[in-house]
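Those letters in the sequence shown? Residues 1 to 227, by our numbering. Below: one structure, written as structure tokens.
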Amino acid sequence: MCQRESDRCYELSSRPQLRGMNYLPTVEQLRVMCPKFFQYNDCEKELVKTCTGKSVEEVMTSSNRSLAEYALQVSGYDSLTADICNENSALHRDYAPNIECVRDVVQSIPDYECGDAGREAVKGYLNSTKSDQNEVDGPTKKCLGISYSIACFVNRLVKSCGESAGRALVTTLQMLRPLADSEYACTAEIASVLRGAFFESLTFDTEEKKRLFQSVFEMLAGGILNV
């Protein structure tokens, strides 16, 4: 039963098409794709119910981390779809006029730029705490580095496309809570370091950039701590 339902959901997925658009569909493409998004989300919620006997909301609090992560993902995509497909929502109004600019930024920034900046920031933090680089575990380095990279990209987006474009990305991240995924190795303990000692170790050339990084770190950490 679970496998059959899973296969049905897979067939409804729009990810191959979205991947071809760099996950940045135009307003016209959204109008065509949104009905399928809703079908897929309904299928995923039914899959959770069929396989666990519980609702997505119940599974989100499961002690089984992989199940909880999956339910969080389903809930996040459901919320994101509801907002991005609603032309009157704040997210849609922030997203729609900025699509072309965001696409240009995505294509113009080298893949390694914010990643390298994140690794350098982590190295600087460890030096400031006199920590042995080899003794600090991989998950801490990975989580802090990924978080910095996300804030770095949001900053580039705001500088190039304006605050509404950055706001659209931050709103999306709040819904998807990416660092709650074990792939990024973030824990509540590391989240506390992220919004505290790590942030305080950074230097910024403007107060505006400092506030932006702080707000992104707070949002990312909150997504971990609220799991």
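All C-beta atoms in this analysis are idealised placements derived from N, C-alpha and C, irrespective of residue type, glycine included.
| Check | Outcome |
| --- | --- |
| CA nearest to the CA of T203, picked from A117, E163, N22 and I150 | A117 |
| CB contact flag (C43, T81, <9 angstroms) | no |
| Proximal residues to S149 (C-beta, below 6 angstroms), its chain only, five neighbours per side dropped | C114, G115 and G118 |
| Residue closest to V232, alpha-carbon to alpha-carbon, out of V136, I190 and D94 | With the chain covering 1 to 227 only, the question about residue 232 has no answer from this structure. |
| 6 angstroms Cβ shell around C101 - same chain, five flanking residues per side excluded | C161 |
| First through last residue of the alpha helix (DSSP H) which encompasses F198 | It is not in any alpha helix (DSSP H) - F198 carries neither H nor E in the DSSP assignment. |
| Alpha helix (DSSP H) runs contained entirely in the segment 44–96, provided each spans 4 or more residues | 56–59, 65–84 and 90–95 |
| Cutoff 6 angstroms; reference S192; Cβ partners in own chain excluding five residues on either side | none |
| Three CB pairs or more closer than 8 angstroms across the segment 206–224 and the segment 124–131 | no |
| CB contact flag (E11, C51, <9 angstroms) | no |
| Nearest neighbour of Q73, chosen from G222, R177 and K54 [CA to CA] | R177 |
| Where the alpha helix (DSSP H) containing K142 begins and where it ends | G138 to C161 |
| Range covered by the alpha helix (DSSP H) that runs through I190 | A188 to V193 |
| Backbone secondary structure at S108 - three-state DSSP | helix |
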